[in-house]
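In this note's numbering, the protein residues as written are 543 to 1093.
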Amino acid sequence: MSTDQIERESMEVDVVIIGAGPAGLSAACRLMQLAQEKEQELSVVVLEKGSEVGAHILSGAVFEPRAMDELFPDWKEMGAPLNTAVTEDQVLMFRNADKAIHMPHWMHPKPMRNDGNYIVSLGEVVRWLGEQAESLGVEIFPGFPASEVLFNEDGTIKGVATGEMGRGKDGEAKNSYEPGMELHARVTLFAEGCRGHLGKQLIDHFHLDADCESQHYAIGIKELWKINKSKHKPGLVLHGAGWPHKESGSTGGSFLYHLGDDLVSIGMITDLSYSNSHVSPFDELQRFKHHPEIKQYLEGGERLTYGARAITKGGLNALPKMVMPGGLLIGCDAGTLNFSKIKGSHTAMKSGMLAAEAVFENLVNNADLAGYEQRFKHSWLHDELHKSRNFGAAIHKFGTWLGGTWNYIEQNILGGKLPFTLSDPKPDHETLKPIAECQPIDYPKPDGILSFDKTSSVFLSNTYHEDDQPVHLRLGEESRAVEINFRRYGGPEERFCPAGVYEYVNKEERPELHINAQNCVHCKTCDIKDPTKNITWVTPEGTGGPNYANM
């Protein structure tokens, strides 16, 4: 079928927002609130690549309601799903596979104290925000990934085009082919989440990261369990560090949160700055669940769901410019998450709200979009990021114990007011050592009770992609996969991917990389950690990917 003569339809709007997450939906809601307050007509469209709002949302999550208080002061009466207040904080330093030290409360880092916060399903919170946005007049289109940035002749952003539908694996159009649609906007907001497909291109196109350090990332892997009622402690927040990361030479942390309805979410954050090519973040979590301090809660329970996603954690040091001609970066795209607090949804929301105020002034009073960065610099969001700017760099430079001590002194004693900033310039994809220089890691085989394999895990993520479509995980040079990644680094794709997407076959004779793209949970780790930057994640057909329930 020829597509040469098929033209894309177009739609004119005031604002198009890419991504129905905390930042994008908060921006949409705030824009419509301002329009109603000032009695202005405004058309706002949100594009979401997931099958529904919240389908691709995954987070711990401990939720700080500060931004929600500002956006919807009566959120309790409105029925926002913030139902489980934090009742107790525990911080554990895991010494080894059997022992852990419970840190006294006075030693808890300030960012990890959660009085007044809530344990939530961020997916439920986002779905609720979507309902509020629609009630305010926002149009939300789930299942429509933005796949291309459109530019005006003068180089300003014109809008975006949604992805094609109905091409086969061979690239040829099928009978079901649809060319996608163009959305032309006066302002376009990019809120795609961590390592956004379009945000990554825009940062490069406009050189937005010219004056900042390399962005840093972690991969977060989470499971939701239903546990024995006698072991359930609603409101308990447990954070941990040390083992098993210390044993594998990596850094990161772990969490166990007790929600309502006998549910707990358990997860592990592994910094993608690790150097040992044997590291498997998925297997780090699986063995962690056998530690006595964790096993006591999960034993006798049932694993319900599974998911993974990359997390932006470079902080203020890696913050790119957020303003472009005709567009703004917000939320994770802009790196405005405070990873040191192990909760960043409120900061993503605030970045969206600040952007909405700047965009409204631009549309109504022709104010410069640069007002977004000025509002950001004078907000509590900037203050929070500035105080925690050394968190990640300290851990990367000094390790979990010394880095944790550094952060305790800076946060608890000095209030984040050190007169200097630690540098952390080396990007995550450059940190892997050749496999021959790395200590092997003996990960235990899953027992099917507390620990599991990737196949059964991906099944619980409800991941689905139409099989006959172009592969959305693209190799720049196929030869690099074998000649460099496999021969030098031992095929790290097999281990850093949490969904079994990458598989080397015929390893002894003629090694070849197979990409099982249908398994992809859209975590973006491969786009970040590939040592030769050879893998590029692009948007698949709409509705593809995970369909998380209550994550």
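Glycine is no exception: its CB is placed at the ideal position from the N, C-alpha and C atoms.
This one's a predicted model, so the numbers in the text were calculated from it and none came from an experiment.
Contact between A850 and P1040 holds, with the beta-carbon distance rounding to 4 Å and staying under 8 Å. Per the DSSP secondary-structure output, W767 pairs in a beta bridge with V806 and R845.
Contact between P623 and S663 holds, since their C-beta atoms are separated by about 7 Å, short of 8 Å. According to the DSSP assignment, H644 belongs to the beta strand (DSSP E) that extends over A642 to H644. If you look at W1079, you'll find it in the beta strand (DSSP E) that goes I1077 to W1079.
Comparing alpha carbon positions, the residue from G713, E612, D753 and E690 closest to H726 is E690.
About 6 Å separates the CB atoms of A569 and L731; that is less than 8 Å, so the two are in contact. In this structure, DSSP gives N954 a helical state, which the three-state scheme calls helix.
The closest CA to that of L634, considering only I560, G946, I699 and L1015, is found on G946. Apart from the 5 residues on each side of it in sequence, S552 sits with its Cβ closer than 8 Å to the Cβ of M723, E724, L725 and H726 in its chain, given in chain order. Between I560 and E734, the CB-CB gap stays under 7 Å. Look at E681 here: in three-state DSSP terms it is strand.
When the beta-carbon positions are compared, I599 and V668 come within less than 7 Å of each other. C-alpha of L960 to C-alpha of K939: approximately 17 Å in a straight line. Taking 7 Å as the cut-off, the Cβ atoms of D825 and Y1044 do not count as close. Looking at the DSSP output, E554 shares a beta bridge with H726.
Its chain contains H888, M891 and K892 as the residues whose beta carbon lies nearer than 6 Å to that of A609, once the 5 sequence neighbours on both sides are disregarded; these appear in chain order.
Cβ neighbours of N1048 within its own chain (closer than 7 Å, five residues either side excluded): E1054. Remark: C-beta atoms of A860 and Q757 approach each other more closely than 7 Å. At least 7 Å separates the beta-carbon of L1017 from that of H928. Per DSSP, the beta-bridge partners of Y1046 are L1055. A check of alpha carbon separations from I991 across G843, R1029 and G913 identifies G843 as the nearest. When H749, K771, K775 and H787 are compared, the shortest CA-CA separation from I761 is found for H787.
In this chain, the beta strand (DSSP E) harbouring L870 covers G869 to L871. Looking from the CA of K863, the closest CA among K831, G913 and K837 belongs to G913. Linking T997 to P967 through their CA atoms gives a straight-line distance of about 36 Å. H787 sits in a helix when the DSSP states are folded into three classes. Here Y839 has I769, K773, L798 and V806 as same chain residues with Cβ atoms under 7 Å from its own Cβ, once five neighbours each way along the sequence are excluded. One thing to note: D631 has its Cβ within 7 Å of the Cβ of N656. By the neighbour-count criterion, in which a residue is buried when 16 or more other Cβ atoms sit within 10 angstroms of its Cβ, K700 is buried.
Around the beta carbon of M574, a 10 Å sphere encloses 16 or more other beta carbons of the protein chains shown; the residue is thus reported as buried. For H1056 and Y1046, the gap between their C-alpha atoms comes out near 6 Å. A contact is defined here as three or more CB-CB pairs under 8 Å, and the segment 705-722 meets this definition with respect to the segment 1006-1015. In this structure, the beta-carbon distance from S822 to R1037 falls below 7 Å.
The beta carbon of N1058 sits closer than 6 Å to those of V1043, all from its chain and outside the five residues before and after it, given in chain order. When the alpha-carbon of E706 is set against those of V729, G795, A688 and M620, the nearest one is in A688.
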